[in-house]
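Q: The structure's right below; bear with me while I get my questions together.
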Amino acid sequence: MQALDSTSFTLPGQQSFYRGKVRDVYRFDGFMVAVASDRISAFDVVLPRAIPHKGAVLNGVAAAFLDSTRHLVPNWLQATPDPQVSVGLLADPFPVEMVVRGYLVGHAWRTYQSGKRILCGVALPDGLRENDPLPAPIITPTTKAHEGHDEDISRAEILARGLVSEAHYTVLERYALTLFAEGQRQAAERGLILADTKYEFGLHQGQILLIDEVHTPDSSRYFYAEGYAERQAQAQPQRQLSKEFVRQWLLEEGFSGQAGQTVPQMDDARVLGISARYIELYEQVLGKPFVAPDPDLPPAERIERALQAYLAHRNPMHLSDV
Ligand SMILES: Nc1ncnc2c1ncn2[C@@H]1O[C@H](COP(=O)(O)OP(=O)(O)OP(=O)(O)O)[C@@H](O)[C@H]1O
Ligand SMILES: [Mg+2]
C-alpha cells in the first residue's frame, strides 16, 4: 500500500507553495489547492511515517461536512478533483482557532483537573468529571502559532490585542456555535456524540468564510453514544473516535511533543493499524463505506493528473467566477 508523504508540483498559474503539517497548499490568484497528504501529526509534530489512506479519509470527511453545512455558514470549498484534494477560495485567515467544547475532555479536562475553573475566560462549574457534558457548549479560542504550540486565549484578550475586531469576532462566535450544533445533530444520526472541535475562519473579499477542515477526526473528538451514560455512571473511559489513540500510544512511549524527546519508531503493523482506524472513523462518521482511490497509480501521479485536468478547465473561467 502506498502512502503520500509530500508533493512538489509545478502547476499552471501557481503563485506560492506552503507545506503545513498535514496539507500541501498551492496558492493561486484568489483560490488555493490543498493536497491532504498522508502525513500524520500529533502534539504538533509530524510523525516519521505516512499513513496509507489517511489523506483521503480526512479530505473526504471535511468535504462532506463543508457541503452539508454550507447553507448555515459560507465556506471556502469549491471542488474536490481528487479524493485527496480540495480546491477553494483563498482567504486571509484570522489568527485564532475557534475551539468549541460540548464535553469536558482532553486539554480542557487536564486544565480543570489541575484546579482551574476558568478556561479561556469562561467559568466552569464545580463537580464535573472527565467526559461530562458542559452546561452548554463553550468557545475556548487558541492563538494560531506559526511555530510550536497554539496557546489558550480569552475573548477579552483577542479583542484587547486587536487580533480580530469585535464585529468580526461576534460573527465567528455565532458561526462556530451554529456549526457545532449542526455537527452534534449530524453525529447523533450516526450514533456518535461530537464532544469538541475547532474551526478556522478567514476573510475573502470582505466576506467571512469557514476555511480548512471541519469535523474531521484530526480536528474533533467523537464519543460513541451507545453506552456513553453507563460508562459515565461507572466512571469508565469513553470510547473515542478521534486521533486520540495515536496520542495515547505516543504518551505510553514517553513522547508528548516536548523539546528533547524523540518520536518513537513506527513499524509496518503500527502504520497499518492506524490506517485501519482512520478508515473506521470515516465509515462511522459518514455512515458509508470508504472507497480507496485508484491503487494502480502512485498517489502523487494520480493527484497531479487530476489537478492538471481540473486547472485546465477552471483557469479560463475563474476571473468571472470568483
Ligand atoms: N481557504 C483557505 N485560505 C487560506 N488558508 C487556508 C484555507 N484553508 C486552510 N488554510 C490554511 O492552510 C493550512 C493547512 O495546512 P495544515 O492543516 O497542514 O496546517 P497545520 O499543520 O494545521 O497548521 P500550520 O499551518 O501551522 O502547519 C493551514 O495553515 C490553514 O490555516
Ligand atoms: Mg490544520
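So the sequence shown is numbered by my numbering: it starts at 12 and just counts up by one. For each residue, glycine too, the CB sits at the ideal point set by N, CA and C. From a predicted model like this one, the values you see are computed outputs, not experimental measurements.
At a cut-off of 8 Å, is S125 close to ligand 2 when judged by its beta-carbon and the heavy atoms of the ligand?
A: Incorrect: S125 has no Cβ contact closer than 8 Å to ligand 2.
Q: Can you tell me whether S19 sits near ligand 2, meaning its C-beta is under 8 Å from at least one heavy atom of the ligand?
A: S19: no, Cβ never under 8 Å from ligand 2.
Q: How close, in whole Å, do the beta carbons of L205 and Q195 come, if the pair is a contact with beta carbons under 8 Å?
A: Contact flag correct, Cβ pair sits at about 5 Å.
Q: Does any heavy atom of ligand 1 sit closer than 8 Å to the C-beta of H179?
A: No, since every heavy atom of ligand 1 falls outside the 8 Å radius drawn around the Cβ of H179.
Q: Within the present structure, is the beta-carbon of K32 separated from the nearest heavy atom of ligand 1 by less than 8 Å?
A: Answer for K32: yes, Cβ within range of ligand 1.
Q: At the level of alpha carbons, what is the spacing between P327 and R316?
A: Any reading at P327 needs caution, since the residue's pLDDT is 48, under 50, leaving its predicted position unreliable; the model's value is listed next. Whole-angstrom Cα-Cα distance: 18 Å.
Q: Is any heavy atom of ligand 1 found at a distance shorter than 8 Å from the C-beta of L190?
A: No, the beta carbon of L190 sits no closer than 8 Å to any heavy atom of ligand 1.
Q: From this set, P306, F39, T91 and A67, which residue's C-alpha is nearest L22's C-alpha?
A: Nearest option by C-alpha distance: F39.
Q: Please confirm whether Y180 and L170 have their CB atoms less than 9 Å apart.
A: The answer is yes: Cβ separation under 9 Å.
Q: Taking only heavy atoms of ligand 1 into account, decide whether any of them is closer than 8 Å to the Cβ of E168.
A: No, the beta carbon of E168 sits no closer than 8 Å to any heavy atom of ligand 1.
Q: Does the beta carbon of S230 fall short of 8 Å from some heavy atom of ligand 2?
A: True, at least one ligand heavy atom lies under 8 Å from that Cβ.
Q: Helix, strand or coil: which one does DSSP assign to A287?
A: Three-state DSSP puts A287 in a helix.
Q: Quick one: any contact between the stretch 212 to 224 and the stretch 126 to 143, if contact means 3 or more CB pairs under 8 Å?
A: In short, these stretches do not touch, since the Cβ pair count stays below three.
Q: For G138, which of helix, strand or coil comes out of DSSP?
A: Note: G138 maps to coil in three-state DSSP.
Q: Could you check the C-alpha separation between G284 and D278 for me, to the nearest Å?
A: Their backbone Cα atoms lie some 10 Å apart in a straight line.
Q: Does at least one heavy atom of ligand 2 sit under 8 Å from the Cβ of E193?
A: Outside the cutoff, so no.
Q: Restricting to runs no shorter than 3 residues, where is the beta strand (DSSP E) found entirely within the stretch 177 to 249?
A: Taking only runs of at least 3 residues, the beta strand (DSSP E) segments lying wholly in the stretch 177 to 249 are 203 to 215, 218 to 222 and 231 to 235.
Q: How would you write the range of the alpha helix (DSSP H) that R166 sits in, first residue to last?
A: Its alpha helix (DSSP H) spans residues R166 to A171.
Q: Pick from G132, D137 and P106: whose alpha carbon is nearest that of Q124?
A: The option with the nearest alpha carbon to Q124 is D137.
Q: Work out the CA separation of D305 and P94 for me, nearest whole Å.
A: If you take the alpha carbons of P94 and D305, they lie about 10 Å apart.
Q: Is Q319 helix, strand or coil when you go by DSSP?
A: Helix.
Q: Are there any heavy atoms of ligand 1 lying less than 8 Å away from the beta-carbon of L183, as far as the coordinates show?
A: No - ligand 1 has no heavy atom lying nearer than 8 Å to the Cβ of L183.
Q: Using the C-alpha atoms, what's the distance from S27 back to K254?
A: In a straight line, the C-alpha of K254 is about 30 Å away from that of S27.
Q: For ligand 2, any of its heavy atoms closer than 8 Å to the Cβ of D207?
A: D207: no, Cβ never under 8 Å from ligand 2.
Q: I'd like the list of long-range same chain contacts for G24, defined as Cβ closer than 8 Å, with 5 residues on each side in sequence excluded.
A: Only F39, D40, L322 and N326 meet the Cβ criterion.
Q: Tell me, to the nearest whole angstrom, how far the beta carbon of Y289 is from that of I62; I am working on the premise that it is less than 8 Å.
A: Rounded, the Cβ-Cβ distance is 6 Å, consistent with contact.
Q: Please report how far the alpha carbon of Q295 lies from the alpha carbon of E237, in whole angstroms.
A: About 13 Å.
Q: Taking 8 Å as the line, does the beta carbon of E158 fall inside it for any heavy atom of ligand 2?
A: Incorrect: E158 has no Cβ contact closer than 8 Å to ligand 2.
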